[in-house]
Every structure is written in C-alpha cells, then in structure tokens.
Amino acid sequence: MTPAAYFSRQAQTLVGSLGRLAAHPVASLMTMGVIAIALALPLCLDLLLQNATAVTANWNEAFELSVYLDKAASTARAEAISRDLQARGDVAAVRLVTAAQALAEFRASSGFGQALDALTDNPLPNTLIVTPSPAASSPEGTAVLKTAISALPNVASVQLDTEWVQRLVAILDLLRAIVQLTAGLLAAGVVLIIGNTIRLDILNRREEIEVMKLVGATDGFARRPFVWSGVWYGLGGGMIAVALVGILVEVLAGPANRLAGLYGSAFHLAGLDARAALATLLGAALLGWAGSWLAASHHIRAINPR
Amino acid sequence: MIRFEDVHKRYATGREALAGVSFEVERGELAFLTGPSGAGKSSILKLIALIERPSRGQVLVGSQNTTKVRTRAIPQFRRQIGVVFQDHKLLQDRPIADNVALPLIIAGVSRREIDKRMRAALDQVGLLGREKSRPMELSTGEQQRVGIARAIVAKPPLLIADEPTGNLDPLLALEIMRLFKRLNDVGVTVLIATHDVHLIDEFRSRRIVLGEGRIAASGPIRA
Numbered sequence: 001m002t003p004a005a006y007f008s009r010q011a012q013t014l015v016g017s018l019g020r021l022a023a024h025p026v027a028s029l030m031t032m033g034v035i036a037i038a039l040a041l042p043l044c045l046d047l048l049l050q051n052a053t054a055v056t057a058n059w060n061e062a063f064e065l066s067v068y069l070d071k072a073a074s075t076a077r078a079e080a081i082s083r084d085l086q087a088r089g090d091v092a093a094v095r096l097v098t099a100a101q102a103l104a105e106f107r108a109s110s111g112f113g114q115a116l117d118a119l120t121d122n123p124l125p126n127t128l129i130v131t132p133s134p135a136a137s138s139p140e141g142t143a144v145l146k147t148a149i150s151a152l153p154n155v156a157s158v159q160l161d162t163e164w165v166q167r168l169v170a171i172l173d174l175l176r177a178i179v180q181l182t183a184g185l186l187a188a189g190v191v192l193i194i195g196n197t198i199r200l201d202i203l204n205r206r207e208e209i210e211v212m213k214l215v216g217a218t219d220g221f222a223r224r225p226f227v228w229s230g231v232w233y234g235l236g237g238g239m240i241a242v243a244l245v246g247i248l249v250e251v252l253a254g255p256a257n258r259l260a261g262l263y264g265s266a267f268h269l270a271g272l273d274a275r276a277a278l279a280t281l282l283g284a285a286l287l288g289w290a291g292s293w294l295a296a297s298h299h300i301r302a303i304n305p306r
Numbered sequence: 307m308i309r310f311e312d313v314h315k316r317y318a319t320g321r322e323a324l325a326g327v328s329f330e331v332e333r334g335e336l337a338f339l340t341g342p343s344g345a346g347k348s349s350i351l352k353l354i355a356l357i358e359r360p361s362r363g364q365v366l367v368g369s370q371n372t373t374k375v376r377t378r379a380i381p382q383f384r385r386q387i388g389v390v391f392q393d394h395k396l397l398q399d400r401p402i403a404d405n406v407a408l409p410l411i412i413a414g415v416s417r418r419e420i421d422k423r424m425r426a427a428l429d430q431v432g433l434l435g436r437e438k439s440r441p442m443e444l445s446t447g448e449q450q451r452v453g454i455a456r457a458i459v460a461k462p463p464l465l466i467a468d469e470p471t472g473n474l475d476p477l478l479a480l481e482i483m484r485l486f487k488r489l490n491d492v493g494v495t496v497l498i499a500t501h502d503v504h505l506i507d508e509f510r511s512r513r514i515v516l517g518e519g520r521i522a523a524s525g526p527i528r529a
C-alpha cells in the first residue's frame, strides 16, 4: 500500500469512527463525561497548588532574620557588625534599628507613650534586620545564616520566624505528591473506562468483525476504527474537562480576588493557560488511544469466524 | 485447486466431523459437495477457508499447504478465496456498495479502482443501480446475490459456497446456481455445498457425496 493510500484510509476510518460516536450521542457523551470528571479532578488540584505556590512566593520577606544584640553592644559596635554581615555573600541587605529608633517607633505605634516615659533607661537592644541573598532565601540557607550569626560576639539572639514557612512548604510538597498520585490513578482509570467502553463496542459488533476477518481483514484493519473511537472519547472527555475547569475558575475568581483584596494582595486566581489546556487535550487523546488499543488488540484477536 | 489428503477433523466437543476424506477439485472445475446435514460439508469448507484446521491429514488450496499457513498469514490467504454463506453475512448498517467493496477496501485497493470493480461485480449479479440500498431493503435472493458479488469482487481464483440456496425458493435457488455456473464458465473454480440434490440436476458437474464424515461417492452423474 502506498503511504497516500494508507493515510487516506486512516482519514476515512477517523471520520467514520467519529460518525459512529455521533450516532449514539447520549451514550458517547456519558462516557466522555465520566472521563472529563476523572480528568478535571487532578487538574483542579493542580491549579489549587499552583495558586498556593503563587501566593507563598510573595512571602519571601518572611525569610528575614532579626538579630538582637546584647545591651553591652554600643551603636558603633552594632554598625561594625552590620558592615561585617553586609560583606557576606549570602546576605543581601542589613538594616540597623538602633535602640533609640526602636523605642521611638514603639512609642509611636503602641500608644504606651506615657508609660514609656516612666522608664529611666531604654530597655530595647540594638537590632539588625538581615535579609538573605536570593540564593540563601530558603529554609536551609537561612538556617545556615542563623547559626553563623548566632556565633558572633555581642549577638544575644537571632530570631528566624520561618518554621511556619517551612511547614507550609512541606505541606505544599505533600500536596504536590498527592496531586501527582491522584492524577496517575485517575489516568489509569480513564484508560480502563475507555478500554471497557471499547470492549463492549467490540462485542456489539462481533458479527461485523467476523465478516471482515472472513474476507481477509487483518487484526490491525479490524482494530483501527475502535482505536480511533478511543482517541475521540479521550479527546471529547479532555475538552469537557477543560471547559469544566474553566467554569470552576470563573465561579471562584470573584470570591478569591475579593479575599485577596481584603489582605491587600494583588493575587489573582489563575486558570488553565493555553499550553496546559492543549497538554490536557493531547494527554486525554493519548489515554484514549492507550485504552482502546489495549482493549481492541486483546478482544479482536479473540474473535474468529465460526 | 483443492486437494484433501486423508483429512480428519474432530472438534473440541469430541464430535468427529471428518473421518479420512480425500478428494480433489481441478482448477476451473465446478463441483458440488452433497450429502445429508451433519455429513461434514461445512467442515470441509471451513478447512478450505482456514476457519478450522484439520486434526490429521493435509488440505492443499491452490499451491499452498494450509497446514503450513501461519495464523498471521491467514488474512492474506483468505483473500484468494471468495466465500458465500447461507445467511449472506452482510453488514446490515452499511449500503450495498460498502458491503461489496469490503474485500477491496481491506486489500488496500485505490478508491477509483474500488468503485469500478464494485460496479462490475454488482453488474455480474444483476444488481447494478442498487449500490445505495441497505441489505434490509433487498429480498433474500437479492441479498444472496450481494453476498456473491462480494465474494467475486476481488476476482479470487476459487469460490466456495455453503448452502447458498438454503433460504431461497426453488426458482430463485436455480437462478443463483446458474449464476455460479456463469462464474465458472469464465474460469473461476467453484465448490458448492448443498443438500438439495434435485436443484443441481441440470448441471452436468461432478458431485462429491459425503456420508458420516466420509466420501460416499464421487462422479459426474447424480449419486
């Protein structure tokens, strides 16, 4: 057979199998609906994860270290330590908050002005706010930095309020693993659903397959329309899934953005971009192909003229 | 064209359908396979089309020994044999044109060639113009002629038919038999299994008479 004849026959089968699905619209749509739901679930979880990651990306300032010097350290000594720290590779910036500045700030923001006047001397220490370099802005990097700074003379304590960030990162990691596992399981489910649909389809058309084999059809020839049906089921399910996720994001975008607004965040709920949508369609078609190919090659081989 | 050499066929159920059958059908011959039902006529046709394999003995078709045809090669093997069934075995949801063209589509013939040969085959069975009809819209006799058109469309050198007139009234049956005779006249080897010995009276062809899985008689005159 020439390549042209091969492709023309493939195209013929492709359109023919689509027509067959269209002949039973309700049954076909129900199958595609099941596939769509199975695909939409991991897609939604993945979007949730992406959005959560986007939110936490704005929380880099949480990786600041507050370095409290002891009372013995003068302002001059504090400036010296500040310069030393500034010279480190893993430090992006150091801001010195002197005891006097801190007291003034506290007086202004706390409303305890008169009570503070009663104090004879400033109870606050000199403080350095250290911002790690971008490379060191990780739970591990800041931990190293914290140990190093703690060992310096005149440093009373270093506070690193990142434990909750670390927990959050760990939770997101766990969630990501769960999403991947779920996606894997549901993909296998889609393969089985399509495989089973194609199996029933084959059993319904058993006689037709027998006749084809009697007049010299190979298994491959008899299999072809069924494999294409599987691809159509997958593609249809993928399209419905993308539409479902789109509707879901549309519905949730309003409330989510309003909530973000209340926190003064510029966060916007992100949906599927064109690439992700395309990847979903391709993946769904591929799953359809795999499911139908498995079912068709097994069951068509088993059908023989009697 | 066909040679059976001491062929035995025992089915998985234990039934012995053929118990040492030997006969030969020459190239270009028209032969009838007769005998009561259950005598083994269908088994012989199934062995020729490789729907079944012999338990013992050899079946030669054309120049091929069917015992040496591997499962993978069966589709290619079947394309050189036209098969006609008692129940036509047409695809009910496809038009006549597709039914007749099926062997050519399977063989990968170009579409223009398919169209030409499909019409020629329909013309031979007198159904030209019915391409767009569905099998259900045709009479039983017409459906059988579609089945024959499908069997001859790929111009196979051998045509086998299993009770092709089983569902037809005598007049239609005779018409079908004459159609087979015409095909034989243009060089096709034809083997027809039928239990209706009166029907084939007018044909001076050889009869292979089966009885209980053996050849009971074989010759050019009525058994």
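Residue numbers (the numbering used here), protein chains in the order written: chain H, 1 to 306; chain Y, 307 to 529.
Where a beta carbon is used, it is the ideal one built from N, C-alpha and C, also for glycine.
Cβ atoms of residue j and residue i: under 8 Å apart, would you say?
i: Y263 of chain H; j: A156 of chain H; result: no
i: M307 of chain Y; j: G368 of chain Y; result: yes
i: F383 of chain Y; j: L356 of chain Y; result: yes
i: A183 of chain H; j: P42 of chain H; result: yes
i: A325 of chain Y; j: G525 of chain Y; result: no
i: L353 of chain Y; j: K395 of chain Y; result: no
i: V251 of chain H; j: D46 of chain H; result: no
i: G310 of chain H; j: I194 of chain H; result: Because chain H in this structure spans residues 1 to 306, residue 310 of chain H falls outside the shown range and cannot be described.
i: N490 of chain Y; j: V452 of chain Y; result: no
Locate the alpha helix (DSSP H) running through residue i, then write down its first and last residues.
i: F392 of chain Y; result: At residue 392 of chain Y the sequence reads Gln, which differs from the Phe that was named. Segment: none, Q392 of chain Y is in no alpha helix (DSSP H) and carries neither H nor E.
i: R425 of chain Y; result: R417 to Q430
i: R456 of chain Y; result: T446 to I458
i: D491 of chain Y; result: P476 to D491
i: G237 of chain H; result: D219 to L262
i: S74 of chain H; result: Neither: S74 of chain H is in no alpha helix (DSSP H) and is coded neither H nor E.
i: R206 of chain H; result: R206 to L214
By DSSP, does residue i sit in helix, in strand, or in coil?
i: A11 of chain H; result: helix
i: A302 of chain H; result: helix
i: S524 of chain Y; result: strand
i: A345 of chain Y; result: coil
i: A290 of chain H; result: helix
i: A529 of chain Y; result: Annotation note: pLDDT 39 at A529 of chain Y (below 50); position unreliable, no value reported.
i: E140 of chain H; result: helix
i: V34 of chain H; result: helix
i: E330 of chain Y; result: strand
i: R512 of chain Y; result: strand
i: I412 of chain Y; result: helix
i: T471 of chain Y; result: coil
i: T98 of chain H; result: coil
i: R309 of chain Y; result: strand
i: L21 of chain H; result: helix
i: T127 of chain H; result: strand
i: L160 of chain H; result: strand
i: T120 of chain H; result: coil
i: E64 of chain H; result: coil
i: K352 of chain Y; result: helix
i: I506 of chain Y; result: helix
Looking at the strands, I want to know which residues DSSP matches up with residue i.
i: L69 of chain H; result: H:V155
i: S109 of chain H; result: Its beta-bridge partners do not exist; DSSP assigns none.
i: G388 of chain Y; result: Y:L465
i: L324 of chain Y; result: Y:K315
i: P132 of chain H; result: H:V91
i: G271 of chain H; result: According to DSSP, G271 of chain H bridges with nothing at all.
i: Q370 of chain Y; result: Y:V367
i: G519 of chain Y; result: For G519 of chain Y, which the question treats as bridged, DSSP gives no partner whatsoever.
i: L48 of chain H; result: In the DSSP output, where bridge partners are listed per residue, L48 of chain H has none listed.
Quick one: give me the first and last residue of the beta strand (DSSP E) that residue i is part of.
i: D468 of chain Y; result: L464 to D468
i: T495 of chain Y; result: T495 to A499
i: T340 of chain Y; result: L336 to T340
i: Q364 of chain Y; result: R362 to V367
At a CB-CB cut-off below 8 Å, which residues of chain B make contact with residue i?
i: P42 of chain H; result: Looking at the structure shown, chain B is missing, and the protein chains on hand are H and Y.
Contact set between the stretch 406-419 of chain Y and chain H, restricted to residues whose Cβ is under 9 Å from the partner: L408, P409, I411, I412, A413, G414, V415, S416 and R417
Within 7 Å of chain H by C-beta, residues of the stretch 395-406 of chain Y in sequence order: K395 and L397
Interface positions of the stretch 360-393 of chain Y facing chain H (Cβ-Cβ less than 9 Å), listed along the chain: R378, I380, P381, Q382, F383, R384, R385, Q386, I387, G388, V389 and F391
The stretch 219-234 of chain H: positions lying closer than 7 Å to chain Y by Cβ: F221
Within 9 Å of chain Y by C-beta, residues of the stretch 208-219 of chain H in sequence order: E208, E210, V211, M212, K213, L214, V215, G216, A217, T218 and D219
Interface positions of the stretch 439-467 of chain Y facing chain H (Cβ-Cβ less than 9 Å), listed along the chain: R456, A457 and A460
Selection of the stretch 331-364 of chain Y by Cβ proximity to chain H, strictly under 8 Å: A355 and I357
Interface residues of the stretch 21-35 of chain H facing chain Y [CB-CB below 8 Å]: none
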